[in-house]
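Protein chains in written order, with numbering that gives the first Met the number 0: chain Z, 0 to 247; chain V, 0 to 197. In this text, a Cβ means the ideal position worked out from N, Cα and C, and glycines have one as well. These numbers were taken from a predicted model, which means no experiment stands behind them. Take a look at the structure below.
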Amino acid sequence: MNRNIQCDAMILKSMRSGELHRRLTLISPQLGLFDATAYGARKGSAKLAGLVEPFVHGRVYAYYNPVKQQYSLQDIKVEQFRESLRDDLVDLYSASFFAELILKSFGSGGDHEAVYALMLELLDEIEQKRDHHHLIIQGCWRFLHLFGLAPDLLTCAACGRPLGQAIGSLHHGEHGLWCESCLPFAPAGAALDVASRRYLSYTAELPLQKALRVSLAAEAARMLKNALLHYMDSITDGRLKTIKSGIL
Amino acid sequence: MRSIDELIRGLSRLPGVGNKSASRIAYHLIQRDVRDNHLLGELISTIQDKIRLCDVCGSFTEGQICDVCQDPHRDHTLICVVEQPQDVFTIEASGVYNGYYHVLHGAISPLDGIGPDQLTIGQLIERITTGDFSEVILAMNPTEEGDTTAMYITHLLRSSRVTTSRLASGLPVGGDLEYTDKVTLARSLRGRIRMSDQ
Chain Z
0 MNRNIQCDAM ILKSMRSGEL HRRLTLISPQ LGLFDATAYG ARKGSAKLAG
50 LVEPFVHGRV YAYYNPVKQQ YSLQDIKVEQ FRESLRDDLV DLYSASFFAE
100 LILKSFGSGG DHEAVYALML ELLDEIEQKR DHHHLIIQGC WRFLHLFGLA
150 PDLLTCAACG RPLGQAIGSL HHGEHGLWCE SCLPFAPAGA ALDVASRRYL
200 SYTAELPLQK ALRVSLAAEA ARMLKNALLH YMDSITDGRL KTIKSGIL
Chain V
0 MRSIDELIRG LSRLPGVGNK SASRIAYHLI QRDVRDNHLL GELISTIQDK
50 IRLCDVCGSF TEGQICDVCQ DPHRDHTLIC VVEQPQDVFT IEASGVYNGY
100 YHVLHGAISP LDGIGPDQLT IGQLIERITT GDFSEVILAM NPTEEGDTTA
150 MYITHLLRSS RVTTSRLASG LPVGGDLEYT DKVTLARSLR GRIRMSDQ
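In structure tokens, the structure reads:
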């Protein structure tokens, strides 16, 4: 077994460990989610100091200890540092929200290559200062497809009838939208009107960059974003700290 | 022996003390004068009752207001914002700063659920708007959390009369350019000092 590992990876979380080290959680197209310790990374003179920050991605060199079943980070050849995310609180929270989604969904169910590629694309678009409502909507919708939890936008999840022009109510428990006649039996959910559903189904097939250019009225975008955030929060059992802040 | 094992386990929970150091300390404690052990035990058990947070800056103090905040000879136009109370003592040890402090008790960290509301940013803004400060020095750690917190405070203060500055980050004194990582080097270049002006 090769103990020295090289792979592309992105740091999703970096926390203090002991006096001098940092404990990292990374996502890699090859290894999926994995934890690694960057020993001595909190020392100013350390080689890894300043490099082991969230959203840094590049070529990672790690050593795997099969006895302790632990990775230790040896080096990282940084491709992008993403320093501009620190300039804006909403940008940082948007990026952290997507990172938290990956962490709390344990790597979004296994398609690590797609998750990694989506995260890179989303961070690029955040850095391009795209409208953050649209970014959250598109990010959530694409993650839902990766999770296999994207709801059917055309039919009621309870009775199976077409939703047509009616407002649908999005519920995690039933993995879908409920029509108005089934609503009295439904728990509280987030309302999705026909325009929002059309927007979602149209943009789902487009590349992210193009999808972000499709316009949606500001109020509709805000409501759709809130509906999807609520849905994401319920999928992860209300554990998303980035949503609770209210900054998104 | 159960009591020694428990002591080693307890000591190894302290920061910077591993198992080996903990056992070395434990055996030293067994062998030394019992009065010293009693004194140390009393100091440890009463420290949390004696030390509290300063009502003004949030740093550690034994009274209601810390020595720094009570000192009238300090530069009342300068306020230095730090993440933790221990950072105050680190900056004081440098001997080059003579202004006042404000402790945030953390930094913005979205994944840990620490937002601006969990920090003492509100109190800081109030101190700045009601005080005589003309410069706010943001001395947060040069990490993602520290940088974001600094940027957020700068954003809040952009319409006020005070100037905000950030501690410089770059090459360590006595360091070697060859071994500097590219992020630090990039920051050093961006924050370079014009020698001809000095």
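Counterpart residues of residue i in DSSP-defined beta bridges
| i | result |
| --- | --- |
| Ile120(V) | Per DSSP, none; premise fails for Ile120(V). |
| His56(Z) | Met9(Z) and Gln79(Z) |
| Tyr62(Z) | Asn3(Z) and Ser71(Z) |
| Met14(Z) | Arg22(Z) |
| Thr162(V) | Glu134(V) |
| Thr60(V) | Arg51(V) |
| Tyr115(Z) | According to DSSP, which records beta bridges pairwise, Tyr115(Z) is partnered with nothing at all. |
| Asp34(Z) | Thr24(Z) |
| Pro161(Z) | Thr154(Z) |
| Ile192(V) | In DSSP, Ile192(V) forms no bridge with anything. |
Residue burial classification, residue i (beta-carbon count within 10 angstroms, cutoff 16)
| i | result |
| --- | --- |
| Arg212(Z) | exposed |
| Ile46(V) | exposed |
| Lys128(Z) | exposed |
| Arg21(Z) | buried |
| Ala8(Z) | buried |
| His261(V) | With chain V represented from 0 up to 197, any question about residue 261(V) goes unanswered, as that position is not in the structure. |
| Gly94(V) | exposed |
| Met139(V) | buried |
| Met14(Z) | exposed |
| Glu82(V) | buried |
| Thr128(V) | exposed |
| Pro14(V) | exposed |
| Lys49(V) | exposed |
| Pro141(V) | buried |
| Thr89(V) | exposed |
Residues near residue i in its chain [Cβ-Cβ closer than 6 Å; skip 5 each side]
| i | result |
| --- | --- |
| Val89(Z) | His131 |
| His111(Z) | Pro28 and Gly31 |
| Gly57(Z) | Ile75, Lys76, Val77 and Glu78 |
| Leu117(Z) | Arg141 |
| Asp34(Z) | Thr24 |
| Ser164(V) | Ile136 |
| Gln208(Z) | none |
| Cys139(Z) | Leu227 and Met231 |
Selected residue, minimal CA-CA separation from residue i, among the options
| i | options | result |
| --- | --- | --- |
| Thr202(Z) | Asp87(Z), Ser44(Z) and Leu134(Z) | Leu134(Z) |
| Arg141(Z) | Pro65(Z), Tyr115(Z), Tyr70(Z) and Phe80(Z) | Tyr115(Z) |
| Phe105(Z) | Leu121(Z), Ala94(Z), Val66(Z) and Phe146(Z) | Phe146(Z) |
| Gly109(Z) | Gly31(Z), Glu179(Z) and Cys178(Z) | Gly31(Z) |
| Glu82(Z) | Asp86(V), Ala185(V) and Gly130(V) | Ala185(V) |
| Leu247(Z) | Phe97(Z), Gln73(Z) and Tyr62(Z) | Phe97(Z) |
| Ser200(Z) | Asp87(Z), Gln137(Z), Ser244(Z) and Ala190(Z) | Gln137(Z) |
| Thr76(V) | Leu13(V), Val161(V) and Leu118(V) | Val161(V) |
| Ala149(Z) | Arg2(Z), Lys42(Z), Lys240(Z) and Ile234(Z) | Ile234(Z) |
| Ser244(Z) | Leu110(V), Pro71(V) and Arg34(V) | Leu110(V) |
| Ser195(Z) | Leu153(Z), Cys181(Z) and Arg238(Z) | Leu153(Z) |
| Val182(V) | Tyr38(Z), Met222(Z), Gly49(Z) and Ala45(Z) | Gly49(Z) |
| Asp74(V) | Ser133(V), Ala149(V) and Gln63(V) | Ser133(V) |
| Ala45(Z) | Arg12(V), Tyr178(V), Met194(V) and Gln30(V) | Tyr178(V) |
| Asp86(Z) | Glu126(Z), Ile101(Z), Asn225(Z) and Leu72(Z) | Glu126(Z) |
| Arg12(V) | Glu18(Z), Tyr70(Z) and Ile26(Z) | Glu18(Z) |
Sequence-distant residues of the same chain with beta carbon closer than 7 Å to residue i, five excluded per side
| i | result |
| --- | --- |
| Leu10(V) | Val16, Ala21, Ile24 and Ala25 |
| Ala113(Z) | Leu145 |
| Ala210(Z) | Gln137 and Thr202 |
| Ala219(Z) | Ala194 and Ser195 |
| Pro161(Z) | Leu153 and Thr154 |
Residues near residue i in its chain [Cβ-Cβ closer than 8 Å; skip 5 each side]
| i | result |
| --- | --- |
| Gly190(V) | Ala167, Ser168 and Gly169 |
| Ala217(Z) | His132 |
| Ser108(V) | Glu144 |
| Leu155(V) | Ile120 and Ile124 |
| Cys56(V) | Cys65, Val67, Cys68, Val87, Tyr99, Tyr100, His101 and Val102 |
| Ser16(Z) | Arg22 and Thr36 |
Separation of residue j from residue i, as counted between CA atoms
| i | j | result |
| --- | --- | --- |
| Asp180(V) | Leu23(Z) | 19 Å |
| Asp151(Z) | Leu121(Z) | 24 Å |
| Gly159(Z) | Pro206(Z) | 30 Å |
| Asp232(Z) | Ile242(Z) | 8 Å |
| Ala40(Z) | Ala157(Z) | 52 Å |
| Leu6(V) | Ile43(V) | 14 Å |
| Ser159(V) | Glu52(Z) | 32 Å |
| Pro84(V) | Ser187(V) | 27 Å |
| Phe59(V) | Ala92(V) | 15 Å |
| Gln5(Z) | Asn64(Z) | 14 Å |
| Val66(Z) | Arg2(Z) | 11 Å |
| Cys53(V) | Asp70(V) | 13 Å |
| Ile78(V) | Tyr96(V) | 10 Å |
| Lys274(Z) | Lys19(V) | It is not possible to answer for residue 274(Z), since the shown part of chain Z is limited to 0 through 247. |
| Ala106(V) | Cys178(Z) | 44 Å |
| Leu143(Z) | Asp175(V) | 48 Å |
| Ala94(Z) | Arg8(V) | 39 Å |
| Arg202(V) | His104(V) | For chain V, the structure presents residues 0 to 197; residue 202(V) sits outside this window and is missing. |
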